[in-house]
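Enquirer:
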Amino acid sequence: MNPWLLLTIAIVSEVIGTSALKASESFTRPIPATIAVVGYVLAAYLLALTLKTIPVGVAYAIWAGMGVVLVALVSWLLYDQRLDMPAVAGMCLVIAGVAVINLFSKTAVH
Numbered sequence: 115m116n117p118w119l120l121l122t123i124a125i126v127s128e129v130i131g132t133s134a135l136k137a138s139e140s141f142t143r144p145i146p147a148t149i150a151v152v153g154y155v156l157a158a159y160l161l162a163l164t165l166k167t168i169p170v171g172v173a174y175a176i177w178a179g180m181g182v183v184l185v186a187l188v189s190w191l192l193y194d195q196r197l198d199m200p201a202v203a204g205m206c207l208v209i210a211g212v213a214v215i216n217l218f219s220k221t222a223v224h
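Per our numbering, the sequence shown runs over residues 115 to 224.
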């Protein structure tokens, strides 16, 4: 399977896991807690598969950057957690960094 698709699914799984972790209320609600655990396990497994092809530094930079941005977006949509302008600016820089890696780095496998 395409390693970039695996990485994308891994990131989405981690975002689902993190969002469910918030909803689990410190693992006191079984269904969100189970979703959190399954999301994290699936994310770790898929990330491991991507590391067969994509260098770990590149994969982790994309994983972390996109994860932060997506979790912030989901938190805003589901939990009404707002970001101030410095936070938004920082996330724009994260997205720019991921774009630079993907578009210009010879380290990234295309």
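The C-beta atom is built at its ideal place from N, Cα and C for all residues, glycine as well.
1. Write down the C-beta distance between A175 and I215 rounded to the nearest angstrom, noting that I regard them as a contact closer than 8 Å.
2. Report yes or no: do the region 123-137 and the region 145-163 share at least 3 C-beta pairs separated by less than 8 Å?
3. Apart from the five residues just before and just after G153, which ones in its own chain have a Cβ nearer than 7 Å to its Cβ?
4. Helix, strand or coil for K166 per DSSP?
5. Exposed or buried, M199, counting other C-beta atoms within 10 Å across all chains shown (16 or more means buried)?
6. Determine, using beta-carbon pairs with one atom in the region 163-171 and one in the region 185-200, whether at least three such pairs fall under 8 Å.
7. Could you compute how far the alpha carbon of V212 sits from the alpha carbon of V185?
8. For my contact list, L165 and A124 are in at a C-beta cut-off of 8 Å; report their separation, rounded to the angstrom.
9. Pick helix, strand or coil for S219, following the three-state DSSP scheme.
Expert: So, from the data block:
1. Between I215 and A175 the Cβ distance is about 6 Å, and since that is below 8 Å, they are a contact.
2. These segments touch.
3. Result list for G153: S127, E128, I130, G131, A134, in chain order.
4. It is coil, neither helix nor strand.
5. With fewer than 16 other Cβ atoms within 10 Å, it is exposed.
6. Not touching, per the Cβ criterion.
7. C-alpha separation (whole angstroms): 16 Å.
8. No, L165 and A124 are not in contact; Cβ-Cβ is about 10 Å, not under 8 Å.
9. The answer is coil: DSSP assigns S219 none of H, G, I, E or B.
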